[in-house]
Structure formats: structure tokens, C-alpha cells
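K.L.:
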Amino acid sequence: MKIELRVGTTLLAAALLASVLRANDAPPATDSALASLERRAPAESQLPNLNPGFWSDLSRLIDSDTLSTGDQFYRAAALAKWPAFQFRKTRVRYELLLAATARGHAAAQGELTDAWDGLLVSIGRPQRAGTISFGPGSELPAPDMAPECVAAVYKDPAQAAKKAAAANNNAEVKAIRDADQKVRQDWSKLSTADMQRVGEEDRARAVRIRAIIGAGGLRTASDFANASLVLQHSEAFAGYELAHELAVCSLVLGDRGMGRWLVAATYDRMLGSVGLDQRFGTQGEITFSSSAKPTVAETDERDICDNERLALGCPTLAAKRANFYTHGPRD
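One point on numbering: in my numbering, the residue at position 50 of the sequence shown is 38, and numbering is uninterrupted.
(1) Determine the direct distance from the alpha carbon of leucine 219 to that of threonine 304, and round the result to whole angstroms.
(2) Let's see if you can read the secondary structure: which residues bound the alpha helix (DSSP H) around glycine 98?
(3) Do glycine 272 and phenylalanine 225 count as a contact pair if the criterion is CB distance below 7 angstroms?
(4) Which value, in whole angstroms, describes the spacing of the CA atoms of alanine 209 and proline 317?
(5) I'd like to check one pair, leucine 84 with alanine 64: are the Cβ atoms closer than 7 angstroms?
(6) Leucine 128 bridges to which residues according to DSSP?
(7) Starting from serine 210 and walking both ways along the alpha helix (DSSP H), at which residues does that stretch end?
(8) Considering only their Cβ atoms, is the gap separating cysteine 137 from glycine 227 smaller than 7 angstroms?
(9) Per DSSP, serine 33 forms a beta bridge with which residues?
(10) For a quick check, are the C-beta atoms of phenylalanine 212 and serine 179 less than 7 angstroms apart?
(11) Measure how close the beta-carbons of aspartate 53 and aspartate 294 come, nearest whole angstrom, since I'm counting them as under 8 angstroms.
(12) Where DSSP assigns a beta bridge to glutamine 266, which residues make up the other side?
(13) Got a sec, what are the start and stop residues for the alpha helix (DSSP H) tryptophan 249 sits in?
(14) Please report the Cβ distance between valine 284 and valine 141, rounded to the nearest whole angstrom; I am assuming they are in contact, meaning their Cβ atoms lie under 8 angstroms.
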């Protein structure tokens, strides 16, 4: 009986091992789903043949939260390149490209510029790189070109990264960033007059940061992240837009900490400034009470997943709602 038990156990172990090997040899379910959509795309996601069912299937794949690698995010972004400039669909591609970039996908970096322009067009805003043109008679507003230091990073990320690695951080930008953060240690201790003063100081800091940007004074990933952190305390869309671009530059140049998280935070804040719900869950309901616990502001959860949030250094939405002060991964 003991011998039979050993033999049976050995055979069972062998069978389990064979099963594991077969599973490892088979394409992962997510890759298989992507491959299926890629086969369908030429006939279902290009003009004049647009099948709404194709987008529904892509949406379900994104919502399943199984995309996780840079390649998977990038492939999904390619499938989300819907012909029409519809905001809900255009933003999906851009967000997936951000996640792919955060996961180190080089090709995704190269597509950020036109995806960013497409997103801005979809909400009625001027492009920042002028990559989209409908020819004579177009009703598109004239491009509002991004600063040269931003354009240089978007145009050639690899070359920009080499220059950044050899440069020194801008001490003045760091000092402005430190002053910006010092006054925000405890809002509950600030009077109305104090908050008005902080607002005035924020505007002065933003003016100086913009001057430094215009003079080409941002050179390193830290410079871009520090400038982004200051400008995310702007008062309107234009400031948040530039803060987001600076954060993306910081990410592209290798910032895996504050710069990466700022990509999501500035994006959420920018959307909120024009009445759109945030996506990554970084923004809370405004409260100046020392006893009230902050809560996550309204978040549109369609066609976005927690793995995208994690890729950009944010916690899952559930974790953020359980404790607004929860931090995301620091890798």
C-alpha cells in the first residue's frame, strides 16, 4: 500500500507538472484577447466600417484589469485609435500610452505627441504640437505650441534623456518647489487671509517658473517634476495643461517617483478644470476642516483599469477610497 501511494503521488505530481508546463506554453489569455482584436481591427475599426461591438469588446478587455505590461498597454492603445475625435475614446488611447510609457515601452513615447494633440482637439482645445490638420477651411483652432523644452523631449526622448543625464539640476527651480510645499504642510492652520496670501504667492511662483521654462532652464527629470509640482497649483486649464506636459517629460526622462505620479495628478486636475471627471483618482473633495476626512472626487471608471493607475504610481481606486492618503507603488 505504501508503494502504491508513492507511485500514485509521483504520477499525480507528474501530471500536475505537465499541466503547468502546458499552461506556461500556451499564450496568456490577455495576449490571446489582444491578438483576436488585432485580427478583427482592419475590418471593424477603420472607416467606413466601424463596428460598435469592436469597441465594446476592447472596453471589456480594459475593464477586466488584465493588461499589465508595457507591450499589452501599447497594443491596446493601437486598437483604441478610433477614427473620430470622440473624447471618451480618444482619452483611452492617450491613457494607455501613458501607462505603456511608464512601463518603459519606447514606441509608446513616440506616439504621445499626436495622441496628446488628439485629446486636446476632442475637448475643443488648441493642439500643442500641430500634428493634426484637416486642410484648408478647417475649424480647428490654431495650435498653441508647447514650450521648446517640452517639444524637444517629445520629439526625441532618447536624445533628451542623454542630455538630461549629463546636466545638473536647477537649484532655483528646486527652491521654488520647496517654498510651494512648505506653505502646504497643514491647511487647517491657515486663516482666510493666509490662504489668500498663499494664492498670491502661488501666482508669483508660477510666473517665475514660466519664465525659467521660456529661457530653457529645465534640463533634468527633477527640474521638470519640480516645475510641474509648482504649476499644478495653477488656477485654470492652461496651467494644469503645462504642468501635465512637464510631468510627462519628467517621466520620459526617467523619473519613477514624483514625476510619474504627477502625470496622473496633473491629468486629473486638468480634466476637472473643464468640468470633466478625473480618471486616476488622485483628486479629493475640497475640505479645509481638520476633522473631516478627505474623500476621492467623482471619478469616471469606464475604459480604464487599476493596472494603469499602478503603472503611474497611484494606488488602486478601492485603496484610495478606503484611505485617501494611501500611496501607490514606488518602483
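Positions of the beta carbon are idealized from the N, C-alpha and C atoms, including for glycine.
P.N.:
In short:
(1) 25 angstroms
(2) 94 to 110
(3) no
(4) 19 angstroms
(5) Yes, the Cβ-Cβ distance between alanine 64 and leucine 84 is below 7 angstroms.
(6) Per DSSP, none; premise fails for leucine 128.
(7) Run containing serine 210: 209 to 219, per the alpha helix (DSSP H) assignment.
(8) no
(9) Bridge partners of serine 33 according to DSSP: Leu38.
(10) no
(11) 5 angstroms
(12) Thr287
(13) 246 to 261
(14) Contact flag wrong, Cβ pair sits at about 31 angstroms.
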